[in-house]
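Here the protein sequences line up with chains X and P, keeping their order.
For what it's worth, my numbering labels the leading residue of the first sequence as 1, then goes sequentially.
For what it's worth, my numbering labels the leading residue of the second sequence as 336, then goes sequentially.
A virtual CB, placed ideally from N, CA and C, is assigned to each residue, including glycine.
These numbers come from a predicted model, not from an experiment.
Please read the structure below before turning to the comments.
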Amino acid sequence: MNGAALLVLPALLSQPVSLPEVPANLRLLGAGTALLPGLLIHGAGHFALGRKQTAYRLAAGEGLGLALTTAGALALFLSGAADEPVAPATIAVISGVWLFSTSLLADLYGTLVPLRHRIGKRASASSLSIGFGVRGVHDPVFSYRALTGVNAQLSLQRIRLRSSMWTALDDANNRVRLEAYLRLFQNLPIELSVAATYHHYGTESLTFVTGEGSLGGRFDLVDLDENLAGMFTEVSFGWALQRVSHPRFADLTQLLLGRFAFGIYLFSGSEISVFYDHRHDGYAAGLKLNGVPSGIAGHFGANAIFYFGNIGFSLEAQIGSAFVGGFGLSFREAL
Amino acid sequence: MRCIALAITGTLGCLSPATDRALADLEVGRAQVENVRFEVDEGLAAILELSEGSLRLWGGAPAFTLRAHVSSGGASTWSLRIDNALSDAVLSCPTATIEHQDARFIVQLEEGSHTLRFGPRDLEASSFRFAVLSDVQEAIDSVQDVYAKINADPQIRFVLGAGDLTENGTVAELTRFKAELGELGVPYFTTLGNHELGASPPPWHDMFGRASFSFEFGGVRFTMLDSGSATIDALVLERLQGWLQRGSEQPHVVAMHIAPIDPIGVRNGSFASRAEGAKVLSMLAQGQVDLTLYGHVHSHYKFENAGIEAHISGGGGAIPERFDGIGRHFLVVEASKTGIGSVSVVRVDN
């Protein structure tokens with residue numbers, strides 16, 4: 001790894017988008033339209049900017065999302081949440097919400113931020129990253145409040161390996177996770193992932209060991225439409241088998257995994273994203289809601305990482321059964 | 336700054352959606368009028384009406400203790416009516432004169448403190464049966480079919496409910512449910528479900544009493560827990576520790592609406608947090624609970640959680656789970672002070 005590459009890499013990762021721009025007054029109209037009626041008709045903002053094809057694509061995304069959500073919800077309702085259709089029906093609902101939210105956020109960001117200010121698609125590069133972080137957790141049920149963690153990620157052309165470990169500073173609680181991702185196709189960003197997690201709650205004498213597999217990927221929206229440059233969306237679905245053990249018992253259970261995110265690229269490989277994760281384990285777990293959706297929903301969160309050269313500063317927040325917030329520092333080196 | 340503080344408070348508040356109900360539990364069974372104060376031990380009965388000389392309670396357990404504190408000038412003659420009670424329950428008090436008239440008791444209370452005990456003479460029955468019925472919801476129009484089947488078994492002493500009596504938990508719906516209970520030949524002791532949380536604040540405590548409580552009957556301890564928000568509040572978990580201690584030397588049945596962990600894991604019709612669910616189960620296992628009963632899922636599942644026999648029974652008639660071939664049903668449980676016996680499924684629609 002030489003110094004020239006260290007200088008070139010950030011430049012490659014922060015190429016600005018070069019596309020036709022709209023006048024400022026038209027952009028203001030677009031931004032307003034993206035809110036009203038854009039919140040109801042996704043793509044309205046881009047339509048106001050004269051980007052009709054983009055608008056139609058976003059509206060189609062919204063329509064497909066609504067259809068999937070409705071179909072999945074109907075299947076759950078009519079089946080009485082029977083165990084046979086519950087997994088595909090839930091996947092349909094999550095997929096629908098993913099498409100709906102992505103089309104909405106893409107229309108908002110695409111009309112609010114001029115193309116010249118957006119960063120283009122992230123170039124894939126082999127790299128090694130190591131980092132550490134701290135987290136604050138507020139969970140009314142458990143006593144840990146402060147966690148410290150380390151993580152590492154090795155990214156090669158089609159393989160990613162990631163590991164992380166979190167330890168509570170004020171309680172006997174620690175979590176270790178190993179993940180492996182394999183990009184299945186050269187020209188499609190679809191990855192197969194497997195992961196193993198060990199989470200020990202010392203105070204409660206509980207240990208969770210989880211093995212899981214997922215299929216999903218990150219899709220740069222510029223590949224769908226040039227006017228959606230600088231944005232990405234992620235979606236994945238999977239299944240996990242989890243063993244929870246205690247001195248008095250050991251139970252085996254399953255989890256349906258589902259996650260989606262919407263993000264934007266920033267300078268030098270930096271990015272911000274918001275996400276929904278359907279899993280009910282881990283520090284955030286699921287949302288506590290009253291009424292019909294009690295227990296079903298997972299958690300929401302936001303991640304941000306800002307790179308200055310090879311140094312990254314990260315921020316995170318999650319809300320589920322607990323509030324999790326944290327920041328970290330990482331070092332990234334191209335290979 | 337104020338907006339940020341409000342946002343933080345609101346966010347943290349949604350981490351404990353059941354705290355208000357846990358605090359409301361503590362007010363159940365307490366009321367005062369003029370110079371007379373009434374208090375039901377452990378909130379095992381709700382005070383429905385209280386006026387000078389008249390008291391009406393809704394029984395939350397087969398037996399409970401009512402304490403009356405009469406100051407000078409307080410009424411001495413009281414008409415006491417107790418709804419939702421065992422037919423053979425009697426009221427006794429060593430310091431008061433009690434007369435049983437039709438559906439009420441006429442109680443003479445002099446100035447001072449009085450301890451009235453209400454319950455059946457055979458509280459320590461050798462063996463008994465109880466039924467388990469939950470998730471009636473929108474099927475209230477046909478609930479009499481279920482009650483008729485329960486009434487057909489004269490050995491059932493009471494019905495235990497694991498919540499979702501109504502569709503939205505409004506006063507009108509809870510009133511309707513109570514009215515229908517008039518045809519059930521035995522009392523119905525129940526906790527609430529997620530569908531009882533439609534109104535804010537929910538009128539549950541004024542009409543049915545505590546959502547989390549514990550009582551003893553026939554040498555068996557019964558503990559009902561509020562898991563209607565897919566969690567059990569930390570305040571209730573503290574009380575649960577005490578109930579588990581009291582029940583450690585006797586058979587112990589625990590019921591709640593939403594199960595800590597759904598046997599169909601991919602559905603997650605259970606607590607929002609798997610870790611919290613496991614923590615609650617570990618408490619029940621350490622407390623040597625013998626049987627756990629749940630509602631929420633409109634079918635019947637028999638399984639084990641934390642080594643404890645478990646039944647999900649949401650057969651009151653609400654939109655049923657398809658493909659399971661079970662339909663409307665209730666459970667009948669044999670119990671005695673030596674242990675929990677059989678748990679049978681009784682189908683309503685054969």
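Annotated three-state conformation of tyrosine 181/X is strand, per DSSP. Interface flag for threonine 69/X against chain P is unset, since no Cβ pair is found closer than 7 Å.
Classified as exposed, asparagine 187/X has fewer than 16 neighbouring CB atoms from the shown chains inside 10 Å of its CB.
Under DSSP, isoleucine 433/P takes part in a beta bridge, and its partners are Val442/P.
With respect to the 7 Å criterion, glutamate 611/P and valine 324/X are not classified as neighbours on the basis of their beta carbons. In the DSSP assignment, methionine 591/P forms a beta bridge with Leu560/P, Tyr629/P. Under a 10 Å Cβ-count criterion, asparagine 685/P is classified as exposed, with fewer than 16 other Cβ atoms of the shown protein chains found around its own Cβ. The DSSP-derived three-state label of isoleucine 567/P is coil. When DSSP states are grouped into helix, strand and coil, phenylalanine 543/P belongs to the coil group. Bridge partners of leucine 39/X according to DSSP: none are assigned. Beta-bridge pairing by DSSP links valine 235/X to Gly217/X, Phe260/X.
Here the stretch 464-483 of chain P makes no contact with the stretch 561-580 of chain P; the two share fewer than three CB pairs at distances below 8 Å. A direct Cα-Cα distance of roughly 13 Å separates glycine 38/X from alanine 60/X. If you look at proline 85/X, you'll find it isn't in any beta strand (DSSP E); it sits in the alpha helix (DSSP H) that goes 83-112.
Separation of serine 126/X and leucine 115/X (C-alpha to C-alpha, rounded to the nearest whole angstrom) is 28 Å. Alanine 180/X is positioned such that its CB atom lies no closer than 7 Å to that of glutamate 212/X. Rounded to whole angstroms, isoleucine 272/X and lysine 614/P show a C-alpha spacing of 35 Å.
In terms of beta-carbon proximity, glutamine 318/X stays away from the interface with chain P, with every pair separated by 7 Å or more. Shown here, glutamate 204/X sits in coil according to DSSP, grouped into three states, outside any helix or strand.
Spanning the alpha carbons of leucine 426/P and serine 469/P requires a straight line of approximately 30 Å.
Neighbourhood of arginine 657/P in chain X, by CB distance below 7 Å: Ser79, Gly80, Ala82, in chain order. None of the residues of the stretch 462-496 of chain P has a beta carbon lying less than 7 Å from any beta carbon of chain X. Spanning the alpha carbons of valine 467/P and serine 422/P requires a straight line of approximately 19 Å. The CB of arginine 609/P comes closer than 9 Å to the CB of Phe208, Gln242, Val244, Thr253, Leu255, Arg279, His280, Asp281, Gly282, Ala285, Gly286 in chain X, given here in chain order. Among the residues of chain P, those whose CB is under 7 Å from the CB of glutamate 204/X are Lys614, Ser617, following chain order.
Judged by DSSP in its simplified three-state form, glycine 61/X adopts helix. Valine 292/X sits exposed, since fewer than 16 C-beta atoms from the chains shown fall within 10 Å of its C-beta. At a beta-carbon threshold of 9 Å, none of the residues of chain X lie near isoleucine 647/P; the nearest stands roughly 11 Å away. In the displayed model, threonine 197/X falls within a strand according to three-state DSSP. A distance of 7 Å or more separates the beta carbons of serine 648/P and leucine 626/P. Bounds of the alpha helix (DSSP H) holding leucine 509/P are 506-516. Remark: C-beta atoms of leucine 49/X and serine 103/X do not approach each other more closely than 7 Å. Cβ-Cβ distances below 6 Å link arginine 663/P to Gly650, Gly652, Val683, Asp684 in the same chain, with the five nearest sequence neighbours on each side left out; the list follows chain order. With contacts defined by Cβ atoms closer than 7 Å, alanine 195/X and serine 608/P do not form a contacting pair. Taking all protein chains in view, the Cβ of alanine 487/P is surrounded by fewer than 16 other Cβ atoms within 10 Å, so the residue is classified as exposed. Per DSSP, the unbroken beta strand (DSSP E) holding leucine 154/X starts and ends at 146-155.
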